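*Asks:* So the number in the working numbering is just where the residue sits in the sequence shown, counting from 1, plus 13. Glycine residues also receive a C-beta, built at the ideal position from the N, C-alpha and C atoms. Computed from a predicted model, the values in this text were never measured in an experiment. This structure is in structure tokens; I'll ask about it shortly.
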Amino acid sequence: MKDSKRRWLLAIILLLLAVVLVQFILLLMNLVDATDAQVESAAPSTVVAAVTRTKNPTFTPTAAATPTPAVTDTPTPRPTATATPTSTPVPGQRAIIGEDLVNLRAGPGTDYAIIAQLESGSELRATGRSAENDWLFVQPEEGDPGWVFTDFLTGLDELEALAVVTPDPNVLPLAEVSEELVNLRSGPGAEYEILSQLGQGQMLAVVGRNEAGDWLAVKFGGDAGWIFGELVSYSGDTADLPVQAPPPTPTPLPATPTPKPVALAAAVAPGQARVERKVLANYFAWYDGNGWDDCNISAGDKPLKRYHSDDPEAIAEHIRMARNAGIDGFTLQWVGPGDRTDRNFATLLNKSQGTDFQSTVIFLAHYWSGASQGNTIAAIRHLQSQYGGHPNFLRIQGRPVIFFEGVDRVPLAAGQNPKQAWASIRAQVDPGKQYWWIAEGLDPSYLSVFDGLWVYRVSHAAYPNDYVKASRWASRVRSWEQKTGEPKLWVGTLMPGWDDRRAGCRADVRVPSQPFVRPREDGNFYRATYNAAVKSNPDILWIHSFNEWVEGTYIEPSQFYGDAYLNLTREFANGFKGG
């Protein structure tokens, strides 16, 4: 009997302990639920703070509504645990930078300021788009939001699902002062009062232009005024700027006003030809027939018809294409006597016989492997003796023409600078200046030795729209000509684009530089460089290039573009030579 009572008493005690344990467990679950509810209710305010930190453009992204869970004072206990809900994600789409280095800009266009540069593989959240879908408003993982060109992003789903964002009208395009000291004036002309002087590198907000488009209305700090357009680097198209009415023309000042830079223009009227106008194209004759799949061929494109540069029929076909496009001759990249480029230059001249197609070389022998002043002199003499008398060697006013690239890379004797080295070389091979020597570069002091200047490329990573300075560059040549009375040639450069991202996969003789892409913009960039070059009133128009496949400047027919760029070239050549 006593044993039976003990068993019942033990059972009751165990039952009471079980009840207490269950109550304790339920209490813990209530505490967890209360904590979860607090986290869920706080999440939306955190997300709103992340979105509204946008500086420009200002907009409110549209996102799908996220229900906020109801919170009760005493949540109902659940028999099983449930995972803690995550906070609401930032609205938009995940995107990844697909290029080596991409600019994050303050607005949807290259004329807006660069906020930051984003490396390949960086993850972003795209929250808006421009109306044309060509720019996306994005939030990087760190830093301020901004705009990125759509083609530079990968991993996007549906662009149309993103809200169209209107840029902040208070964000103005920028221009950078490109000369040492520039006048900010009260109006668009040298007759207006000088308000202040701005130093090289200072950034200006561009608010408009005059009707002619050669002066820009700008803001700098608390000042507003006008600056001559050729004295700044401006990446946008001035034609897109609003026209600002100028203030009344002031009473002429007693002192002679500072002249416009165009006062240094050529001694002939603008647009008037000084010599018979010619269109030349940069030509490369060192491609192998089995090399078109090499790692450094530009952006995956290929010639429409693959060829070997040593094939005479391929050279003959290139001459035919060029002549049909209005090109008057090639400037062949020439390494030196005995090189394949030398043999192919001989073929080029011979295949041109019976036509008016005249070509010359771009001289590279002075900086190729093993270069010295001695073999540089020998190489020039070889050109003169072997090709100078050929009827299809390029001539201007009866004088043969040679282009020289990288003139500052010439071998130096003790105590020499490059100009002195070239003066010594020329005195030995062309003392009577029977040839036109044209130097690459913009230093007019080289005109003491050379007979003209030309620029190899007109778009760089730091200055993608460098081509707009063509008239200022030309003025340096014309100014030297006016001061000395010696005739000099100015060669205007145009190019369809640039893409050397794949060039670094193998060593070459190029000067190292940051890989750079200048999009072709369906031929619009080619046209812009043509317009700028023609405006500079050049003696020769030089196309970079007919077939440069490593730097992506080719115009010959390709798989991507067909013969579109030869057709544009024909239009440009006719306009230049008929103008």
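Within a Cβ cutoff of 6 Å, which residues of the same chain sit near residue 481, ignoring the five residues on either side of it in sequence?
*Replies:* Excluding positions up to five away in sequence, the list reads 545.
*Asks:* Where does residue 478 land, buried or exposed, given buried means 16+ other C-beta within 10 angstroms?
*Replies:* buried
*Asks:* Quick one: residues in its chain with C-beta nearer than 7 Å to the C-beta of residue 221, no 5 flanking neighbours on either side, listed in chain order?
*Replies:* 230, 254, 255, 256, 257
*Asks:* Excluding five sequence neighbours on each side, which residues of the same chain lie with their C-beta closer than 7 Å to the C-beta of residue 134?
*Replies:* 109, 110
*Asks:* Leaving out five residues on either side along the sequence, give the residues of the same chain with a beta carbon under 6 Å from the beta carbon of residue 494.
*Replies:* 501
*Asks:* Could you spell out where the alpha helix (DSSP H) holding residue 601 opens and where it closes?
*Replies:* Since the displayed the chain opens at 14 and closes at 592, residue 601 lies outside it and no answer follows.
*Asks:* If you reduce the DSSP assignment to three classes, tell me which class residue 38 lands in.
*Replies:* helix
*Asks:* Residue range of the beta strand (DSSP E) that residue 153 falls in?
*Replies:* 148-153
*Asks:* Is it buried or exposed, residue 266, if we count other Cβ atoms within 10 angstroms and call 16 or more buried?
*Replies:* With a pLDDT of 39 at residue 266, under the threshold of 50, the predicted position of this residue should be treated as unreliable, though the coordinate-derived value follows. By the 10 Å Cβ count, residue 266 comes out exposed.
*Asks:* How long is the line joining the alpha carbons of residue 471 and residue 360, rounded to whole angstroms?
*Replies:* 30 Å
*Asks:* Quick one: any contact between the stretch 296-307 and the stretch 410-429, if contact means 3 or more CB pairs under 8 Å?
*Replies:* The answer is no - the stretch 410-429 does not touch the stretch 296-307, with fewer than three Cβ pairs under 8 Å.
*Asks:* At the level of alpha carbons, what is the spacing between residue 324 and residue 577?
*Replies:* The alpha-carbon of residue 324 is positioned some 25 Å away from that of residue 577.
*Asks:* For the stretch 351-427, list the alpha helix (DSSP H) runs that are entirely contained and at least 4 residues long, ordered along the chain.
*Replies:* 353-365, 386-400
*Asks:* Note down the Cα distance separating residue 356 from residue 456, rounded to an integer number of angstroms.
*Replies:* 33 Å
*Asks:* Looking at the structure shown, is residue 445 part of a helix, part of a strand, or coil, going by DSSP?
*Replies:* coil
*Asks:* Tell me the DSSP bridge mates of residue 195?
*Replies:* 211
*Asks:* Any chance the stretch 432-443 sits against the stretch 380-394, with 3 or more Cβ pairs inside 8 Å?
*Replies:* yes
*Asks:* Between 388, 349, 385, which lies nearest to residue 376 when the distance is taken from Cα to Cα?
*Replies:* 349
*Asks:* Taking just the CA atoms, how far does residue 121 sit from residue 163?
*Replies:* Straight-line Cα distance between these residues: approximately 10 Å.
*Asks:* Leaving out five residues before and five after residue 587 in sequence, what residues of the same chain have Cβ atoms less than 7 Å from its Cβ?
*Replies:* 339
*Asks:* Assess, as a yes-or-no matter, whether the stretch 170-181 is touched by the stretch 139-156 under the definition of 3 or more beta carbon pairs within less than 8 Å.
*Replies:* yes
*Asks:* Using only the alpha-carbon positions, how far apart do residue 345 and residue 454 sit?
*Replies:* 18 Å
*Asks:* Based on the DSSP output, what are the partners of residue 512 in its beta bridges?
*Replies:* 530
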